[in-house]
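Number 96 marks the last residue of the sequence shown (our numbering); no jumps.
Yeah, the Cβ is synthetic: ideal placement off N, Cα and C, and Gly gets one too.
Only a predicted model underlies this, so the values are computations on that prediction, with no experimental measurement involved.
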Amino acid sequence: MEETNIITLTGENGEQFEFEIADSFELEGNKYIALLPPEDLESEEDDEVLIMRIESEDDDETVLSQIEDDEELDKAFEMFKDRCADLFDFE
(Lines of atoms letter the chains of each structure in order from A; the text may use other names.)
(Lines give C-alpha, C1' and ligand atoms only; values in the text may rest on other atoms or scores of the structure.)
Protein backbone atom coordinates (compact mmCIF):
# COMPACT_ATOMS: atom_id res chain seq x y z
CA MET A 6 0.00 0.00 0.00
CA GLU A 7 1.34 3.42 -0.98
CA GLU A 8 1.78 5.91 1.85
CA THR A 9 0.33 9.39 1.32
CA ASN A 10 1.42 12.60 3.00
CA ILE A 11 -1.52 14.57 4.36
CA ILE A 12 -1.20 18.14 5.57
CA THR A 13 -3.83 20.06 7.51
CA LEU A 14 -4.15 23.76 6.77
CA THR A 15 -5.84 26.10 9.21
CA GLY A 16 -7.82 28.95 7.69
CA GLU A 17 -8.16 32.49 9.02
CA ASN A 18 -11.29 31.58 10.98
CA GLY A 19 -9.79 28.43 12.50
CA GLU A 20 -11.38 26.03 10.04
CA GLN A 21 -9.19 23.06 9.03
CA PHE A 22 -8.72 21.58 5.58
CA GLU A 23 -6.81 18.43 4.65
CA PHE A 24 -4.70 18.15 1.50
CA GLU A 25 -2.39 15.54 0.05
CA ILE A 26 1.15 16.75 -0.69
CA ALA A 27 1.71 16.14 -4.40
CA ASP A 28 5.14 17.80 -4.74
CA SER A 29 7.49 20.40 -3.29
CA PHE A 30 10.14 22.26 -5.22
CA GLU A 31 12.30 25.38 -5.49
CA LEU A 32 11.98 27.97 -8.22
CA GLU A 33 13.83 31.28 -8.53
CA GLY A 34 14.89 31.24 -4.87
CA ASN A 35 11.47 30.43 -3.43
CA LYS A 36 10.14 27.13 -2.10
CA TYR A 37 6.70 25.88 -3.15
CA ILE A 38 4.36 23.05 -2.26
CA ALA A 39 1.66 21.55 -4.50
CA LEU A 40 -1.40 20.21 -2.69
CA LEU A 41 -4.32 18.07 -3.83
CA PRO A 42 -7.59 17.27 -2.07
CA PRO A 43 -7.32 13.77 -0.54
CA GLU A 44 -8.55 11.04 -2.89
CA ASP A 45 -11.75 10.50 -0.93
CA LEU A 46 -12.62 14.21 -1.33
CA GLU A 47 -11.79 14.57 -5.03
CA SER A 48 -14.56 14.78 -7.56
CA GLU A 49 -14.13 13.43 -11.07
CA GLU A 50 -15.03 16.77 -12.65
CA ASP A 51 -13.14 19.23 -10.45
CA ASP A 52 -9.52 18.11 -10.11
CA GLU A 53 -7.59 21.01 -8.65
CA VAL A 54 -4.09 21.63 -7.43
CA LEU A 55 -3.28 24.27 -4.84
CA ILE A 56 0.23 25.69 -5.10
CA MET A 57 1.48 27.72 -2.16
CA ARG A 58 4.76 29.42 -1.27
CA ILE A 59 6.63 28.06 1.75
CA GLU A 60 7.54 31.13 3.81
CA SER A 61 9.29 29.37 6.69
CA GLU A 62 9.85 25.88 8.03
CA ASP A 63 10.90 24.49 11.37
CA ASP A 64 10.30 21.31 13.33
CA ASP A 65 6.98 22.48 14.77
CA GLU A 66 5.40 24.58 12.06
CA THR A 67 5.53 25.36 8.36
CA VAL A 68 4.15 28.73 7.25
CA LEU A 69 2.53 28.75 3.81
CA SER A 70 1.15 31.70 1.89
CA GLN A 71 -1.08 32.08 -1.11
CA ILE A 72 0.61 33.30 -4.27
CA GLU A 73 -0.94 36.66 -5.16
CA ASP A 74 1.13 37.35 -8.30
CA ASP A 75 -0.37 35.64 -11.39
CA GLU A 76 3.01 35.44 -13.15
CA GLU A 77 4.64 33.76 -10.15
CA LEU A 78 1.71 31.33 -9.84
CA ASP A 79 1.89 30.48 -13.57
CA LYS A 80 5.63 29.79 -13.34
CA ALA A 81 5.16 27.59 -10.25
CA PHE A 82 2.33 25.66 -11.92
CA GLU A 83 4.42 25.12 -15.07
CA MET A 84 7.26 23.77 -12.90
CA PHE A 85 4.80 21.43 -11.14
CA LYS A 86 3.47 20.23 -14.51
CA ASP A 87 7.00 19.58 -15.81
CA ARG A 88 8.00 17.70 -12.67
CA CYS A 89 4.83 15.59 -12.47
CA ALA A 90 3.86 15.09 -16.13
CA ASP A 91 4.21 11.31 -15.79
CA LEU A 92 1.91 11.19 -12.73
CA PHE A 93 -0.97 13.43 -13.83
CA ASP A 94 -2.93 14.00 -17.04
CA PHE A 95 -2.74 17.77 -17.60
CA GLU A 96 -5.06 19.23 -20.22
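Worksheet item: Per DSSP, what kind of secondary structure is Phe85 in: helix, strand or coil?
Response: As a position in the sequence shown, residue 85 is number 80, starting the count at 1. Helix, per DSSP.
Discussion item. Using only CA atoms, which one of Asp91, Lys86, Ala39, Met84 lies nearest to Ser70?
Written reply: Stepping through the sequence shown from its first residue, residue 70 is reached at position 65. Measuring from the Cα of Ser70, the nearest candidate turns out to be Ala39.
Discussion item. Between Thr67, Glu62, Glu31, which has its C-alpha nearest Glu83's C-alpha?
Written reply: Here residue 83 is taken as the residue at index 78 of the sequence shown, counted from 1. Nearest C-alpha to Glu83: Glu31.
Worksheet item: Using the rule of at least 16 other Cβ atoms within 10 Å of the residue's Cβ for burial, across every protein chain shown, is Ile12 buried or exposed?
Response: On the sequence shown, position 7 is the one that residue 12 refers to. With fewer than 16 Cβ atoms within 10 Å of its Cβ, Ile12 is classed as exposed.
Worksheet item: Can you name the start and end residues of the beta strand (DSSP E) that Ala27 belongs to?
Response: Here the question's residue 27 lines up with position 22 in the sequence shown. It spans 21-32 - the beta strand (DSSP E) in which Ala27 sits, taken as one unbroken run.
Item to complete: Evaluate Ala90 with the Cβ neighbour count: other Cβ atoms within 10 Å of its Cβ, from every protein chain shown; 16 or more gives buried, anything less gives exposed.
Response: Taking the sequence shown and counting its residues from 1, one reaches residue 90 at position 85. By the neighbour-count rule (16 or more Cβ atoms within 10 Å), Ala90 is not buried but exposed.
Fill in: Span separating the alpha-carbon of Lys36 from that of Glu77
Reading the sequence shown from its first residue, position 31 is the one you call residue 36. Reading the sequence shown from its first residue, position 72 is the one you call residue 77. Lys36 and Glu77 have their C-alpha atoms some 12 Å from each other.
Item to complete: Please determine, among Pro43, Ala81, Pro42, the residue with the shortest C-alpha to C-alpha distance to Arg58.
Response: The residue given as residue 58 occupies position 53 in the sequence shown. Distance from the Cα of Arg58 is smallest, within the candidate group Pro43, Ala81, Pro42, for Ala81.
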